[in-house]
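All remarks here apply to the structure that follows.
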Amino acid sequence: MDDQDEDLVDVDPNDPGDGSLPVFRWRQAGPGLATRRQLRDMGLRPGGQEPVARIECRGGKRFAWLYRIDLAKPKLPMTLAKEAALDKAMAKRQTCGTCGRRYFHCIPLKTLGSCLECFDGTPADPASYIAPPAPDHRLAA
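130 is the number that this note's numbering gives to position 135 of the sequence shown; each next residue is one higher, with no gaps.
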């Protein structure tokens, strides 16, 4: 080998060189990279791999990690236990503590503390919630 071959170094033009990850601007990431959301739309998940880059938008105020598509793994199927846990968590966000109705959307519990009907009297569409179960009068006797 001559001295000229020893001076050749493989350089990544996107690597900032300070040990941090390369940063791409909006729509500038090359093929083979995807965000978590894009992977999910493809039926994939990162699968334990570390991000290889960042993509930024809105002047760097918003960013997302980029993962290699070739190292991604298929999404795991939803199990009954996962589905039950998800339903339990969503029930907390969809149920009014005042009237007990479970809505088909999340209600503003942090800001209002209840559904709009209980908060200010705005009538709720009966098709937008499930009424709480009627009390069993046999237990009171």
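C-beta: ideal position from N, C-alpha, C; glycine also.
- Check the Cα spacing between residue 83 and each of 34, 108, 101 and 42: the tightest is with 101.
- The Cβ atoms of residue 28 and residue 47 lie closer than 8 Å to each other.
- Restricting attention to 96, 91 and 36, the CA atom closest to the CA of residue 104 is found in 91.
- Per the coordinates, the alpha-carbon of residue 31 lies some 10 Å from the alpha-carbon of residue 38.
- Comparing alpha-carbon positions, the option among 99, 130 and 93 lying closest to residue 115 turns out to be 93.
- DSSP, reduced to helix, strand and coil, places residue 51 within a strand of the structure shown.
- Within 10 angstroms of the beta-carbon of residue 96 lie 16 or more other beta-carbons, which makes it buried.
- Residue 111 places its beta carbon 8 Å or farther from that of residue 67.
- The beta carbon of residue 21 lies closer than 6 Å to those of 52 in the same chain, with the five residues before and after it left out.
- For residue 131 and residue 87, the gap between their C-alpha atoms comes out near 23 Å.
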